[in-house]
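Okay, structure first, notes after.
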Amino acid sequence: MTSRLSPKNVVLGLAPIVLVVAVWQGLVSSGLTPVALLPPPGVVFSRLIQQLVTWTFQQEVAATLVRLFAGFAIAVVLGVGVGIAAAAHPAVDAVVRPIVRVLAPLPKVALYPALLLLLGFGHGSKITLVAADALFPILLSTYYGASTVEQKLIWSAMAAGTPRYEILFKVVLPAAMPSILTGCRIGLVISCIVVFLAEMITSTDGLGHALITAARTFQAVDMFVPLITISLLGLILNALLGALRSYLLRGFPEA
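Remember, the working numbering sits 37 above the position in the sequence shown when you count from 1.
Following this line, the structure appears as structure tokens:
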């Protein structure tokens, strides 16, 4: 999937967001939904701007980002490493394949109570949950990309006397990079969802905790602020990863 930044694409990308806000405002203005439950978008965005400049809310955002980045980084390292190893070595593939088939469909959030007992209520359990959820899309994408590398590239490198480990890093990994980065983008979206969910379930800080705190005190406006913030963070991080993808794949025709 290409990501050309043209005025037409920008307009098409903003159109659904504008439509959602317009429908939101229409529901409030028509009186179909109580303002106490669905505050006007203008009030919510105004509150968001006020919150973003406060130290307390910045700490909530920072806590969420720390967990998100740590879990995502672990998932990338493990996913790429295991995926490449499984594609390169049949023995590793034989071990990894049944594990992936069993664990990939499993909702990782079901493991969260066990993680809480093992790792406690701090960063560890939430980072582990994020890593576990983001791991499999990255691993599967890496495995697919490495498995579909054209054999003539490998044969050419072998004919030139390139050592096996150099073939892995100089031929297989670069050729599999488009698939790997696609898996990373999927894993990043999953990471944003999972870290927010984990903080909603049990946490003393973070955007998910901010939403639950607002809900318990019936502060509807403050409930929407964390939701919009995590959405904006996901949008920004996805754009940054897309820019990194375009840079790394600048030699690829499809990039």
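The beta carbon of each residue, even a glycine, is placed where N, CA and C say it ideally should be.
- Of the residues assessed, Arg-282 falls on the buried side of the cut-off, its CB having 16 or more other CB atoms within 10 angstroms.
- Under the three-state reduction of DSSP output, Gln-62 falls in the helix class.
- Taking 7 angstroms as the cut-off, the Cβ atoms of Ala-141 and Phe-173 count as close.
- Cβ-Cβ separation between Lys-145 and Ala-235: approximately 10 angstroms, too far for a contact (criterion under 8 angstroms).
- Here the alpha carbons of Asp-242 and Ala-112 stand approximately 23 angstroms from one another.
- In the three-state reduction of the DSSP assignment, Ala-171 falls in the helix class, which pools H, G and I.
- For Thr-70, same chain residues with a beta-carbon under 8 angstroms away, outside a window of 5 residues either side, are Leu-64 in chain order.
- Between the stretch 251 to 270 and the stretch 75 to 92, the count of Cβ pairs shorter than 8 angstroms is three or higher; the stretches touch.
- Residues His-246 of the same chain have their beta carbon placed closer than 6 angstroms to that of Ser-240, with the five preceding and five following residues left out of the count.
- Look at the stretch 71 to 110 and you find these whole runs of alpha helix (DSSP H), each 4 residues long or longer: 78 to 89.
- When the Cα atoms are used, Trp-61 and Gln-256 turn out to be separated by approximately 18 angstroms.
- For the pair Gly-224 and Ala-171, the CB atoms are nearer than the 7 angstroms cut-off.
- Taking 7 angstroms as the cut-off, the Cβ atoms of Ile-121 and Ala-183 count as close.
- Listed in chain order, the alpha helix (DSSP H) elements of length 4 or more contained wholly in the stretch 203 to 243 are 210 to 238.
- In the three-state DSSP reduction, Pro-144 falls in the coil class, being neither helix nor strand.
- About 6 angstroms separates the beta carbon of Val-231 from that of Leu-166, a gap short enough to meet the 8 angstroms contact definition.
- Approximately 3 angstroms separates the beta-carbon atoms of Ile-175 and Gly-116; this is inside 8 angstroms, confirming the contact.
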